[in-house]
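Residue numbers (my numbering), protein chains in the order written: chain A, 1 to 378; chain B, 1 to 202.
Notes follow once the structure below has been shown.
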Amino acid sequence: MASVPISEDSRFGLRRQARLAGPMRLSSGASLGPVDIAYETYGAMNADKSNVILICHALTGDQYVASDHPVTGKPGWWWRLVGAGKPVDPARHFIICSNVIGSCMGSSGPASLDPATGEPHAMRFPVLTIADMVRAQALLLDHLGVDRLAAVIGGSMGGMQALTWPTLFPDRVESCIVIASTARHSAQNIAFHEVGRQAIMADPNWRGGDYYADGQVPSAGLAVARMAAHITYLSEAGLTEKFGRRLQGRDAKTFGFDADFQVESYLRHQGLSFVERFDANSYLYITRAMDYYDIAEDHGGSLARAFAPTSARFCLVSFDTDWLYPTAESRVIVHALNASGAQASFVELSSPFGHDAFLLESPELNRVVDGFLRGGRA
Amino acid sequence: MSEAPLVQTLRPDLALIARTVRQGARVLDVGCGDGALMAAMRDHSQVDARGLEIDGSNVAAAVGRGLSVVQGDADTDLTYYPDASFDYAILSQTLQTTRRPDLVVEELLRIGRQAFVSFPNFAHWRGRLSLMWGGRMPVTRLLPDTWYDTLNIHHVTVDDFRALVKERGWHIDGQWFLKGDRETTHANANLFAEHAVFLLRK
Chain A
1 MASVPISEDS
11 RFGLRRQARL
21 AGPMRLSSGA
31 SLGPVDIAYE
41 TYGAMNADKS
51 NVILICHALT
61 GDQYVASDHP
71 VTGKPGWWWR
81 LVGAGKPVDP
91 ARHFIICSNV
101 IGSCMGSSGP
111 ASLDPATGEP
121 HAMRFPVLTI
131 ADMVRAQALL
141 LDHLGVDRLA
151 AVIGGSMGGM
161 QALTWPTLFP
171 DRVESCIVIA
181 STARHSAQNI
191 AFHEVGRQAI
201 MADPNWRGGD
211 YYADGQVPSA
221 GLAVARMAAH
231 ITYLSEAGLT
241 EKFGRRLQGR
251 DAKTFGFDAD
261 FQVESYLRHQ
271 GLSFVERFDA
281 NSYLYITRAM
291 DYYDIAEDHG
301 GSLARAFAPT
311 SARFCLVSFD
321 TDWLYPTAES
331 RVIVHALNAS
341 GAQASFVELS
351 SPFGHDAFLL
361 ESPELNRVVD
371 GFLRGGRA
Chain B
1 MSEAPLVQTL
11 RPDLALIART
21 VRQGARVLDV
31 GCGDGALMAA
41 MRDHSQVDAR
51 GLEIDGSNVA
61 AAVGRGLSVV
71 QGDADTDLTY
81 YPDASFDYAI
91 LSQTLQTTRR
101 PDLVVEELLR
111 IGRQAFVSFP
121 NFAHWRGRLS
131 LMWGGRMPVT
141 RLLPDTWYDT
151 LNIHHVTVDD
161 FRALVKERGW
171 HIDGQWFLKG
181 DRETTHANAN
191 LFAEHAVFLL
201 RK
C-alpha cells in the first residue's frame, strides 16, 4: 500500500467516501455499523506522515472546507484559512476534512439508508455525541493509514471535536486549535437549540421524522430553526451596522406582517436557502450531540483531568463580540490546561461580527494559526 | 555557545534575565509582551517558556512567533497555575502596573521555585530632582508617560522593594542594578539605579 503514489490511491482526493465496517460503539451504549464517512483530502502525506491536519466542521458545515460546495457552488467554508498560501496549506500539509456522522452530506445520518431495511433511518438513527463524531473520525484515520495528527483544528462545534480529540486519543494528537468554542454547552446554548428543535417538530410535515418518502419535508420548521440560530451567530452591533432599522425595498411600513425590515428579509433568506442543503432530522441529531457535550462531565467533573494524559500543544482563540461561545468559556479551558501543565496559548481577538467571526476575514486569526502551527514545526 | 544576537538586542533587564536563567529551565513570563524574552530564552537556552500577557495584539504577535502565551491578567489569572510548576516565574516591568504587587509576587513565588522581578526605580535622582525642583511628577526615559496616562499605578523604589522583601520573609538570591544599558554598583542603588532586577525565593 505504501508504494502506491498518493495521487493514484482512491482513498485520497476530493469527494471521497469510505464505508468502515464497524460496528462502532456509541456513547449511548448503542452501536452503529457500517459507518459511512464522506470526506475530502488535500495535499500529500509526507514520508514520515508527520504533516497530517484534520479540520473539523461546525453544526451545519461539511467536508467541503476548501473546495466549491456541490449544492451551493460557494467556495469552501474555510477557504480563508485552508488553501494555497494560507496557514493550512496543501503544499505543506496533508489535510483531511470529513462530514460528521449524523449529518447529511454523505456520512451516516438519519437521512442515510439503513442497510437492514433499505429505508432511511430517520429517528431510528441512534442519538450521537461529539465524542462519537470524533471516534468515527479516528476510524477514518485508520482507514487512511494515519496514526498521528500534527494538528486538529476546528471552530464552534468543530472546536468541540478538536478539543475532544486529545482527551479520547491523547497519543494521536500533537496540537489542537480550538476557535470560538467551549468545553461544555451552557443552559443558554441548550435553550436556543431546543427552540430550533421544537420549530422542526412542530412542522406538520415532520411526522415523527418520516418525511423522506414523499419529499414533503419540514422546511418551514427547519427555516425557523435556522433563523433563530443565525441570530446567535451575529452580534447586536453587527446587526445594527448591517441593517439598522432600514426597510426592505419600500419607503414606509406596510402595517402588515410582510418582511418590512431588511433584517427580517435577511433572516428569511437565510432560512430558505438553508433548507435546500440541510436535512431537518440531521439538525435535530447534531444539536442534540452539542447539548450533551461536556468534557469535564466525562472526566469526573474535572476538565484538567481530561487533559492530563496528553502532551499536545493547545491554541485557543475567542472573539470579543461572540456571545454564543464567549471568551469566558475559552478561559475555562485555558485555566484547566494551565492546571494540567499543558502547553497552551490563548488570545481573544477583536471583531464586530460575533460568533461568525471565525469564518470571516481575520488576518490576526491567520497569523496566530500560522505561527502556532509553525511553532510546533507542524 | 556565543550569545545569540537576539539576547543582545533585548532590553537590558531582559538580557540580564536571559543570561541568568538555567539551560532547559521551565519558565513562566508574566507580562511577557510580544514574547521577546521568551523567544530569546527558547533559542539561546532551550528554555521551556510559557507566557501570560494582558494585551491581545501582543499575545497574537507572541503566538505568531510560535510561543505558548495566554491572554490574561497577572492580578487574577495566576491562581490557576499549580504550585512549583516552574523553575522561574518572571515579572519584568510589570510589578508597578498591577493592582496588588505584593500579592502578585507571592503568587510568583508559589508558582516558581524562584522569581525574577524587575522594575524602574522611582527614587532615581532624576525623578527626585524633578519632584524637588520642578514640583512635577517625573517624566523620564524610563518613565516616559505623564501621571494621568501612565500604566504605572504603584510607583516603587529599590528601598521600598527591599523593605517588602524583608517584611514578607522572602530571600534575595540575586540583585542587579542598571543605569542606562549598563550594570551599575549596588552602592546607593536607590539613588543611582534607573532599573532594578531581583531574583527571589521563598
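All residues carry an ideal CB built from backbone N, CA and C; glycine is no exception.
Quick caveat, the model's predicted, so the values are computed rather than measured.
query = Which residue's Cα is closest to the Cα of B:L37: B:S68, B:A25, B:V70 and B:A15?
reply = B:A15
key: Extent of the continuous beta strand (DSSP E) run through A:L349   = Q343 to L349
inquiry  = Three or more C-beta pairs under 8 Å: does that hold for the stretch 9-27 of chain B against the stretch 180-187 of chain A?
reply    = no
query = Are the C-beta atoms of B:Y88 and some chain A residue less than 8 Å apart?
reply = The beta-carbon of B:Y88 is placed no less than 8 Å from the nearest beta-carbon of chain A.
ask   = Smallest Cα separation from A:D89: which of A:H355, A:G73, A:A66 and A:K49?
value = A:A66
query = Any Cβ of chain D within less than 8 Å of the Cβ of A:G375?
reply = The question asks about chain D, but that chain is absent: this structure's protein chains are A and B.
Partners in chain B for A:A344, counting only beta-carbon separations shorter than 7 Å = S68 and V70
task = On a CA-only basis, which of A:F94, A:I37 and A:A150 is nearest A:L373? Give me that one, please.
result = A:A150
request  = Answer with buried or exposed for A:E241, where buried requires no fewer than 16 other C-beta atoms within 10 angstroms of its C-beta.
outcome  = exposed
Inter-residue CB distance, A:D132 and A:R172 (contact presumed, cutoff 8 Å) = So it is not a contact: roughly 17 Å between Cβ atoms.
message = Less than 6 Å between C-beta atoms, sequence neighbours within five positions excluded: which residues of the same chain meet that for A:S265?
response = Q248 and A259
query = Can you give the Cα-Cα distance for A:R92 and A:T41, rounded to whole angstroms?
reply = Using only the alpha carbons, I get a separation of about 13 Å.
task = At 7 Å on the CB atoms, spell out the chain A contacts of B:Y148, in chain order.
result = The contacting residues do not exist; B:Y148 stays about 25 Å from chain A at best.
query = Where does B:V117 fall in DSSP's three states?
reply = strand
ask   = Under the three-state reduction of DSSP, which class applies to B:W176: helix, strand or coil?
value = strand
ask   = What is the DSSP secondary structure of B:M132, reduced to helix, strand or coil?
value = In the structure shown, the three-state DSSP call for B:M132 is helix.
ask   = Does the Cβ of A:P115 have 16 or more other Cβ atoms within 10 Å, making it buried, or fewer, making it exposed?
value = Exposed: under 16 other Cβ atoms inside 10 Å.
ask   = Whose CA, out of A:P326, A:A339, A:F169 and A:D370, lies closest to the CA of A:G354?
value = A:P326
ask   = For A:L337, which option in A:D370, A:S362, A:I295 and A:S350 has the closest C-alpha, if you only look at C-alpha atoms?
value = A:I295
message = Is A:L32 near the ligand MN - that is, is its Cβ less than 7 Å away from at least one heavy atom of it?
response = For the structure depicted, the ligand MN is absent and the ligand set is empty, with no information on it obtainable.
task = Compare the C-beta of A:L349 with all C-beta atoms of chain B and state if any pair is closer than 8 Å.
result = By this cut-off, A:L349 is an interface position.
ask   = Short check: CB of A:T129 to CB of A:Y285, under 8 Å?
value = no
message = Which of the three DSSP states is assigned to A:M157 in this structure?
response = A:M157 falls in the helix class under three-state DSSP.
task = Could you tell me the distance, in whole angstroms, from the CA atom of B:A18 to the CA atom of B:W170?
result = 22 Å
inquiry  = Mapping the DSSP letters down to three states, classify A:V71 as helix, strand or coil.
reply    = coil
request  = Determine the direct distance from the alpha carbon of B:W176 to that of A:W323, and round the result to whole angstroms.
outcome  = 47 Å
ask   = What's the gap between the Cα of A:V369 and the Cα of A:S156?
value = 16 Å
ask   = How do the stretch 207-226 of chain A and the stretch 313-323 of chain A stand: do at least 3 beta-carbon pairs fall below 8 Å, yes or no?
value = no
inquiry  = Taking its Cβ as the centre, do 16 or more other Cβ atoms sit within 10 Å of B:Q46, making it buried, or is it exposed?
reply    = exposed
inquiry  = Does A:V275 come out as helix, strand or coil in the three-state DSSP assignment?
reply    = helix
Counted within 10 angstroms of its Cβ, other Cβ atoms place A:A2 as buried (16 or more) or exposed = Because the pLDDT at A:A2 is just 45, under 50, the model does not fix this residue reliably, and the value given afterwards should be weighed accordingly. When all chains shown are included, A:A2 counts as exposed.
request  = Indicate whether the contact test is met: 3 or more Cβ pairs, each with one atom in the stretch 96-112 of chain B and one in the stretch 149-162 of chain B, closer than 8 Å.
outcome  = yes
task = Could you tell me whether the stretch 92-111 of chain A touches the stretch 184-200 of chain A, using the rule of 3 or more Cβ pairs below 8 Å?
result = no
query = Leaving out five residues before and five after B:E3 in sequence, what residues of the same chain have Cβ atoms less than 6 Å from its Cβ?
reply = Any reading at B:E3 is ruled out, since the residue's pLDDT is 49, under 50, leaving its predicted position unreliable.
ask   = Shorter than 8 Å from the beta carbon of A:V65 to some beta carbon of chain B?
value = Not a single CB atom of chain B sits nearer than 8 Å to the CB of A:V65.
ask   = Listed from N- to C-terminal order along the chain, which residues in the stretch 321-339 of chain A have their beta-carbon within a distance smaller than 7 Å of any beta-carbon of chain B?
value = V334, H335, N338 and A339
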